[in-house]
Each structure stands twice: as structure tokens, then as C-alpha cells.
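Residue numbers (the working numbering): 9 to 487. Just so it is clear, CB atoms sit at the ideal spot from N, CA and C, and this is done for glycine as well. Because the structure is a prediction, the values reported are computed rather than measured. Contents: one structure, followed by commentary.
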Amino acid sequence: MKEDEMNINKSATPPLAPELIEQFRKIVGERHAITDAADIEAYVTEERNLFHGRSPLVLRPGSTAEVAAICKLASEHRIALVPQGGNTGLVGGQTPHNGEVVVSLRRLDKIREVDTASNTMTCEAGVVLQIAQQKASDVDRLFPLSLGAEGSCTIGGNLSTNAGGTAALAYGVAREMALGLEVVLADGRVLNVLSKLKKDNTGYNLHNLFIGAEGTLGIITAATLKLFPKPRAVETAFVGLKSPEAALKLLTIAQGEAANALTSFELLSEMAVDFSVRHGIDVRDPLSEKHPWYVLMELSTASDDARTPLETILTRAMEEIVDDAVIAASLAQRNNFWKLREEMSAAQKPEGGSIKHDISVPVAAVPAFIEEANAAVVKLIPGARPVPFGHLGDGNLHYNVSQPIGANTADYLARWHEMNAVVFEIVLRMGGSISAEHGIGVLKRDELPEVKDKTAIELMRQIKAMLDPLGIMNPGKVL
Ligand code: FAD
Ligand code: ZN
Numbered sequence: 009m010k011e012d013e014m015n016i017n018k019s020a021t022p023p024l025a026p027e028l029i030e031q032f033r034k035i036v037g038e039r040h041a042i043t044d045a046a047d048i049e050a051y052v053t054e055e056r057n058l059f060h061g062r063s064p065l066v067l068r069p070g071s072t073a074e075v076a077a078i079c080k081l082a083s084e085h086r087i088a089l090v091p092q093g094g095n096t097g098l099v100g101g102q103t104p105h106n107g108e109v110v111v112s113l114r115r116l117d118k119i120r121e122v123d124t125a126s127n128t129m130t131c132e133a134g135v136v137l138q139i140a141q142q143k144a145s146d147v148d149r150l151f152p153l154s155l156g157a158e159g160s161c162t163i164g165g166n167l168s169t170n171a172g173g174t175a176a177l178a179y180g181v182a183r184e185m186a187l188g189l190e191v192v193l194a195d196g197r198v199l200n201v202l203s204k205l206k207k208d209n210t211g212y213n214l215h216n217l218f219i220g221a222e223g224t225l226g227i228i229t230a231a232t233l234k235l236f237p238k239p240r241a242v243e244t245a246f247v248g249l250k251s252p253e254a255a256l257k258l259l260t261i262a263q264g265e266a267a268n269a270l271t272s273f274e275l276l277s278e279m280a281v282d283f284s285v286r287h288g289i290d291v292r293d294p295l296s297e298k299h300p301w302y303v304l305m306e307l308s309t310a311s312d313d314a315r316t317p318l319e320t321i322l323t324r325a326m327e328e329i330v331d332d333a334v335i336a337a338s339l340a341q342r343n344n345f346w347k348l349r350e351e352m353s354a355a356q357k358p359e360g361g362s363i364k365h366d367i368s369v370p371v372a373a374v375p376a377f378i379e380e381a382n383a384a385v386v387k388l389i390p391g392a393r394p395v396p397f398g399h400l401g402d403g404n405l406h407y408n409v410s411q412p413i414g415a416n417t418a419d420y421l422a423r424w425h426e427m428n429a430v431v432f433e434i435v436l437r438m439g440g441s442i443s444a445e446h447g448i449g450v451l452k453r454d455e456l457p458e459v460k461d462k463t464a465i466e467l468m469r470q471i472k473a474m475l476d477p478l479g480i481m482n483p484g485k486v487l
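Spelled out as C-alpha cells, the structure:
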């Protein structure tokens, strides 16, 4: 699909007057107000080149006060703003499609406090996820949010998209890891609900409104995050099996034996593994023979006896559920298992066009979903190659479909929405969601009103109008 097929309104923002640029520049300082087109380029494109925006000005504030001053000035002059963190989002939410001013939060990169007794860490929005993980590890704690883009995505972006990732099974999604936030509102007011409290029943839970809002309600400038005990032992297995049903049975056994010690449970189709082995750098299949389906599962325990119930689980499942399995014998081997999983998205590119779906259905419905969706997409486009993989433990699949071998890529991608419609019909019938963890942005904006409860959409619009009456906060995204 091309960006111009996405019905993005390209006319909204008038050019920015030089005096206004000057006023913005005064707030952040000469060096941090970028107007040079070549320097702006990195902020208006994204890694996959699916979205390409334009902007006259990128601001890089260095404090909450500067963000507040930017928003105040912007609201006085009705200037639209697009908040941006690591620019790794997958739905076009961080791209200025209509010449908006980009507010990059990357310079807000201080870890303000780590409190190991309360098990909290207060980070500014621009802290890179991997840095936050490392900081937690340095004080013998775990910050469990983990995803492929962790080397460049930021805490502010993670919360704004309510990111999921590979450890959501045990620790929840980003929302569940935030105790409180500091947010700059569209008019420049600062909402300080930074809190270390697990228990705080003093009225509406305001911070949760901004989590998953994709920058449409305000700019997150800091967050108080939960820390967890650092695992002493981590055990990882790569398993070959016949079907998603078998994987579901294995999941049930694993959760029964291990409960919360089961931290990841990823389902991988043969095609997804094949692509990763074929196109990934230094990727190997850990099993000697091919299987129709694979599971990458990981268990971790904080206790000192340094053993997880992984072997017990696999022994119980070996007879009829699991066909073959290998447990990582070293950290290097564990990393190899994960590399195969992490290369999976990128490895689809050399196979031509890929129509993507980030969906969730109830965990029990995953096998039926895969069966129905595989049949439906091949019926729609004969020869299309489903490449499902994802977080079975969360009922979240990246249901990607590669083009038929030898097909014309542009012709194939032109059918993006048509295929989405076929897949989403099955998702909705099964009680699922059309966006499990990547968000709405512009990519799914037009589908949202069709799939969500009417009253919910009405309330979302009313909240948006109340918090951002001038419509300057990331306009055209989500709603
Ligand atoms: P950006 O891309 O800069 O922004 C994303 C959205 O948040 C935009 O709408 C933007 O306006 C808004 N925003 C950013 N910062 C702020 C702020 N401070 N205040 C208000 N709004 C803000 N996602 C998953 O959930 N699970 C995965 O497993 C996963 N894997 C990924 C793997 C790869 C290789 C890539 C490229 C992406 C992946 N993602 C995944 C997508 C994920 O949404 C982002 O990686 C991440 O959460 C976004 O963080 P960011 O700092 O890059 O935000
Ligand atoms: Zn994912």
C-alpha cells in the first residue's frame, strides 16, 4: 500500500511564519531548533519507508518546562505538533504528514530516580528502553518490557503506544508497568501524577488516559515505572510441533507447571522460520529436522536454586504434543534462538510485498483463527503465503502474508485493505482486536470507527475535544 492510498489529509497546516520559528527557537536554543531540510529528513521518514512526512521545524526540548513553553506557544497560534520518541512506531503515528512541527523528546533522557525499596524507577520520556533495562539490571532489578526496537525506542513512545513485546505474558504490557506520569497538556499545563503508589484510589485514573493515546492527548515527559526482581535463572527452549493446537496444549501445561515463571511463549510458523534462516544474518534452525510449527518458550525464576520447571514441562509434553525440542545450553545458544525470532520481520522483506496484521484473539481461538485466515487469504489471492508468528501466550499474532512467488509487488500491496478486511472480519467474529500492540496511528484510523463500540468512539472524541480543543496534538492520528 502506498501512503497516498491511506486517505491522509495533506492540506491542513499553513506554512510557519519566520517570527514564530524564531519564538520556538528561543525556547529550546539555537542548536535544538532544526530547520535544515537535510537534518529534518530523519524525523519525517521511518525505517521501513512506508511513511514519508514533511515538517518546517523539529524542536528538541531539554526539559519539561521547555515542552510546556512549546505547547503554550503552539496553542496560542494554533500550531499542530507531532510528539516523537525513537521514531520506531509501525503505524505512522510519529510522522508529520501535514507539515506539523515535530517535538522530539529524545533529549529528555534523564533517569530521575531509582528506588529499590519501593521497586520503582522514574525516567524521562526520551530514555531509550535498553538504557532503562540496563539501569534496572545495574541495581539488581528487572525492567521487563522487551521488544525488537528496544535499542532505539523510548519510554515515552512505549507508553504512548502501550507496547507489548515478548515478556507481556508474565509482566503485562507497557500500561501495567507505569505507576504514574508527568504530561504536558496541549495548552502548556503540566499534569503531575508521577506516583510510586500501587494503591491510590483518589478519583479517576488520569495517567492511564495518556497511555496508548499515541500523542493525541498530550506529551508524556516522564514516568514512574515498576521494577521487578531480577531473574537468577533463565531457561529457553526451541520446540518443534505439528500444529497450533499442539502449541496451545503445551502452553496450558507450561502455565500449569510454571505459572508466572513462564515469561515468553512465541508461536512460529514453518514459513516464518524458513524466511528467518534464509535471509537473517547468522540465523540457524536449532532443530535437525523441519516442523510445521515451532514454539520459542522461556522460563525465568528469581529464586536461588537456579532451576526452572522447563524440563518437567517438556518431558510431560514429549509423548504426544512435542515432536522435538532443544534447551539452550549456553547464553550464546539462547541468543541464537532469540535472533531467529527477532530477524523474523526483516526476513520477510526479501520475499517481496508483505501485507501485515497485528491482531489478537482470545488465546483459545488462535488455532481456529489461523486455519480460517489461511484459507481466506489464499482464496482472495491464490498463491499468497501466510507467515504467521507472534505471542501465542497473549493471543497476539503478527499475521503477515507474503506475496505469491513471482507476483508484482505493487499490484499485491494495492490489495492491502482488501486483505485486511477479510482478516479483520474473522478477528472480530472471534472477539479479537485489529490492533493488538502497535496502535492505530494513521494506518488503521479509518477502520477504527467500524470496529469499535459507537459509544466508545463518542467518548474518545469527547475526551480529545476536552484535552485538545484546538486539535493541535498529533492531529489526524487515531481518530
Ligand atoms: P515513536 O515511534 O517515536 O512514536 C510512536 C507514537 O507515540 C507516535 O504516535 C508518537 O506521536 C507518540 N509518542 C512518542 N513519544 C511520545 C511522548 N513522549 N509523548 C506523547 N506521545 C509520544 N511494538 C510492540 O508493541 N511490540 C513489539 O514487539 C514491537 N516490536 C518492534 C520491532 C521493531 C523492529 C520495530 C521497528 C518496532 C516494533 N514495535 C513493537 C513498535 C513499537 O510501537 C515501537 O517500537 C515503540 O513502542 C515506539 O517507541 P518510539 O519511542 O520509537 O515512539
Ligand atoms: Zn510483537
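Item: So what does DSSP say about Ile227, is it helix, strand or coil?; Value: strand
Item: With 16 other CB atoms within 10 Å as the buried threshold, where does Asn209 fall?; Value: exposed
Item: Glu372 and Asn404 look like a contact to me (Cβ under 8 Å); what is the Cβ gap, rounded to whole Å?; Value: The sequence given here has Ala at residue 372, not Glu. Not quite, the Cβ-Cβ distance comes to about 14 Å (not below 8 Å), so this is no contact.
Item: Per the contact definition of three or more C-beta pairs closer than 8 Å, is the stretch 282-299 in contact with the stretch 361-376?; Value: no
Item: Of the residues Leu65, Ala245, Pro104, which one's Cα is nearest the Cα of Gly484?; Value: Pro104
Item: Closer than 6 Å to a non-hydrogen atom of the ligand FAD - does that hold for the CB of Ser203?; Value: no
Item: Taking DSSP as the reference, what is the three-state secondary structure of Lys90?; Value: Correcting the residue identity first, residue 90 is Val in this sequence and not Lys. Val90: strand per DSSP, three-state reduction.
Item: The alpha helix (DSSP H) spanning Cys131 covers which residue range?; Value: Here Cys131 belongs to no alpha helix (DSSP H); instead the beta strand (DSSP E) covers 128-132.
Item: With a cut-off of 8 Å, do at least 3 Cβ pairs link the stretch 142-159 to the stretch 233-240?; Value: yes
Item: Where in the stretch 273-315 do unbroken runs of the alpha helix (DSSP H), each at least 4 residues long, occur, reported from the N-terminal end onward?; Value: 278-287
Item: Taking the alpha carbon of Asn200 as the point to measure from, which residue in Asp290, Ala73, Ser353 has its own alpha carbon closest?; Value: Ala73
Item: Which residue's Cα is closest to the Cα of Ser195: Asn482, Leu478, Val486?; Value: In the sequence as displayed, the identity of residue 195 is Asp instead of Ser. The shortest Cα separation from Asp195 among Asn482, Leu478, Val486 belongs to Leu478.
Item: Please list, in chain order, all residues of the same chain as Arg149 whose beta carbon is under 6 Å from its beta carbon, the five residues on each side excluded.; Value: Leu235, Lys238
Item: Terminal residues of the continuous beta strand (DSSP E) containing Leu249?; Value: 241-249
Item: Which residue marks the beginning of the alpha helix (DSSP H) containing Ser203, and which one marks its end?; Value: Here Ser203 belongs to no alpha helix (DSSP H), and DSSP marks it neither H nor E.
Item: Span of the beta strand (DSSP E) holding Ile335?; Value: 332-335
Item: Thinking C-alpha only, which one of Met427, Tyr302, Gly100 is nearest Val330?; Value: Tyr302
Item: According to DSSP, which residues form a beta bridge with Val395?; Value: Asn408
Item: Please identify the residue among Thr417, Val369, Thr316, Leu322 whose C-alpha is closest to the C-alpha of Lys357.; Value: Thr417
Item: Should the stretch 336-345 be called in touch with the stretch 34-41, which here means at least 3 C-beta pairs below 8 Å?; Value: no
Item: In terms of residue numbering, what span does the beta strand (DSSP E) encompassing Ile119 cover?; Value: 119-123
Item: Please confirm whether any heavy atom of the ligand FAD lies closer than 6 Å to the CB of Leu150.; Value: no
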